[in-house]
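Colleague: Everything in the sequence shown is counted per the working numbering, starting at 4 for the first residue and increasing by one.
The beta carbon of each residue, even a glycine, is placed where N, CA and C say it ideally should be.
All values derive from a computational prediction rather than experimental measurement.
Pasting a structure here, questions to come.
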Amino acid sequence: MNWFTDRFSTYTLLTSTCAIAFVLAACASGDQSNTVTVTNAGHEFQDCPNCPVMVVMPVKSFMMGSPENEKGRSKNEGPQQFVTISPGLSISKHEVTFAQWDACVEDGGCEAKPNDNGWGRDDRPVIDVMWYDAQAYAAWLSAKTHKKYRLLSEAEWEFAAKGGGASTYSWGAVASHEHANYGTDDCCGGHIEGRDRWLESTAPVGSFPANQLGLHDLSGNVWEWVEDCWDESHTGRPTDSAARIDGDCNLRIMKGGSWASMPVRIRGAFRDAYPPNDHGTIIGFRVARAD
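If you want it as structure tokens, here you go:
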């Protein structure tokens, strides 16, 4: 396949006696730092100096998939169904950066040393990473912080990309270079317009406004690996936002489009999938923390 055809929280019901079973350990230890609760949606926290900044998600339902009249819709984006975001979910505010990846390499948690293509490292999103590399990074974060980090499920990712709503993009129905780094209207290549000043490269994370959930860059910049195996439709999908692993696991889903993508490919509902060992200058990822 040619790359340029393009490719909340835990119901931590804290009581003075710590009587709820799933918080007994935390209460016993007296350590409730960065505890994700149902009342702190939008709260930002960081589990270590080199860890991603995380944002607590609300517990709510949203309509996954796209309506039949959405411009650019593919059949595999249906049927639409309500999905409820599970409690205890936090999502990284930005795509994982080179600086964060390099910290993992230095600490021995990540083996891959992806090329930045001459665009710079630091606050640029890490690129040239396989699905397996993203899994290694999440495992390193989990070991380092003693928290459960992982890739997002497709449902969680789409909820995040739509800002918890139902519009085509988090900002509305029409693609805009004021909100994302993406390409031309017709395949293929970058485009400069509005806030989008990056013609043929990634933008530093956070270069565009955050969406309604406080997250950046879910549309464009880099494709983002998610946990799910590929399936040709949403039929039979879990309604609790869990990852779908009953499909073709020789293909893993990527979401969001990239700096080179057409507008239809940066829609929240758009779906693509590639072998988990694929990598390139348009591929990155972000992480979730589940409590």
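From this set, Glu98, Ser204, Gly75, Ile130, which residue's C-alpha is nearest Tyr172's C-alpha?
Modeller: Among Glu98, Ser204, Gly75, Ile130, the Cα nearest to that of Tyr172 belongs to Gly75.
Colleague: Is Ala293 helix, strand or coil when you go by DSSP?
Modeller: strand
Colleague: Decide if the stretch 132-142 is in contact with the stretch 196-207; the criterion is three or more beta carbon pairs, one per stretch, under 8 Å apart.
Modeller: no
Colleague: Pick helix, strand or coil for Leu27, following the three-state DSSP scheme.
Modeller: Any reading at Leu27 needs caution, since the residue's pLDDT is 31, under 50, leaving its predicted position unreliable; the model's value is listed next. Helix.
Colleague: Taking the alpha-carbon positions, what's the Thr187 to Trp122 distance?
Modeller: 20 Å
Colleague: Secondary structure at Ser302, three-state DSSP: helix, strand or coil?
Modeller: Only positions 4 to 294 of the chain appear in this structure, which leaves residue 302 out of reach.
Colleague: Taking the alpha-carbon positions, what's the Val99 to Thr238 distance?
Modeller: 31 Å
Colleague: Which residue from Glu235, Ile256, Asp243, Leu218 puts its Cα closest to that of Pro55?
Modeller: Leu218
Colleague: Measure the C-alpha to C-alpha separation of Ala178 and Lys96 and round it to an integer number of angstroms.
Modeller: 21 Å
Colleague: Please name the residue in Asp281, Phe85, Gly287 whose C-alpha comes closest to that of Ser222.
Modeller: Gly287
Colleague: Can you list, in chain order, the residues of its chain whose CB lies under 8 Å from that of Pro128, leaving out five sequence neighbours each side?
Modeller: His97, Glu98, Val99, Thr100, Phe101, Thr205, Val208, Asp220, Asn224, Val225, Gly287
Colleague: Classify Asp243 as helix, strand or coil using the three-state DSSP reduction.
Modeller: coil
Colleague: Are Ile231 and Ala213 close, meaning C-beta to C-beta below 8 Å?
Modeller: Residue identity differs from the one stated: residue 231 is Asp in this sequence, not Ile. In this structure, Ala213 does not lie closer than 8 Å to Asp231 by Cβ.
Colleague: At 3 residues or longer, and completely inside the stretch 38-70: list those beta strand (DSSP E) runs for me, N to C.
Modeller: 57-59, 64-67
Colleague: Under three-state DSSP, which class holds Thr100?
Modeller: strand
Colleague: For Ala276, which residues from the same chain have a beta carbon less than 7 Å from its beta carbon, with the 5 sequence-adjacent residues on both sides left out?
Modeller: Trp233, Leu254, Arg255, Ile256, Met257
Colleague: Within this structure, are the beta carbons of Met67 and Ala163 separated by less than 8 Å?
Modeller: Going by C-beta atoms, Met67 is not nearer than 8 Å to Ala163.
Colleague: Can we count Met67 as close to the ligand ADP, meaning its CB is less than 7 Å from some heavy atom?
Modeller: This structure simply doesn't include the ligand ADP, nor any ligand for that matter.
Colleague: Would a C-beta distance cut-off of 8 Å place Ile94 and Ala291 closer than the cut-off?
Modeller: yes
Colleague: Which residues share a DSSP beta bridge with Cys232?
Modeller: Here Cys232 is bridged, per DSSP, to Arg255.
Colleague: Among residues of its own chain, excluding the 5 on either side of Val58, which ones have a beta-carbon nearer than 8 Å to its beta-carbon?
Modeller: Gly45, His46, Glu47, Ser93, Ile94, Ser95, Lys96, Leu216, Gly217, Leu218
Colleague: Would you mind working out which of His180, His194, Asp119, Gly193 sits nearest Ser210, comparing C-alpha positions?
Modeller: Considering only His180, His194, Asp119, Gly193, the residue with the shortest C-alpha distance to Ser210 is His180.
Colleague: Output the boundary residues of the alpha helix (DSSP H) element that contains Leu154.
Modeller: It is not in any alpha helix (DSSP H) - Leu154 instead sits in the beta strand (DSSP E) that spans 151-154.
Colleague: Whose C-alpha, out of Asp249, Asp136, Asn184, is nearest the C-alpha of Pro266?
Modeller: Asn184
Colleague: Report back the beta-carbon spacing between Trp228 and Ala137 to the nearest angstrom; my notes put them in contact at under 8 Å.
Modeller: Approximately 5 Å separates the beta-carbon atoms of Trp228 and Ala137; this is inside 8 Å, confirming the contact.
Colleague: Which class does Phe128 belong to by DSSP, given the choice of helix, strand or coil?
Modeller: According to the sequence provided, residue 128 is Pro. The question's Phe does not apply to it. In the three-state DSSP reduction, Pro128 falls in the strand class (E or B).
Colleague: Quick one, which of Cys107, Lys78, Phe85 has its alpha-carbon nearest Cys51's?
Modeller: Measuring from the Cα of Cys51, the nearest candidate turns out to be Cys107.
Colleague: With DSSP collapsed to three states, give me the class of Glu181.
Modeller: coil
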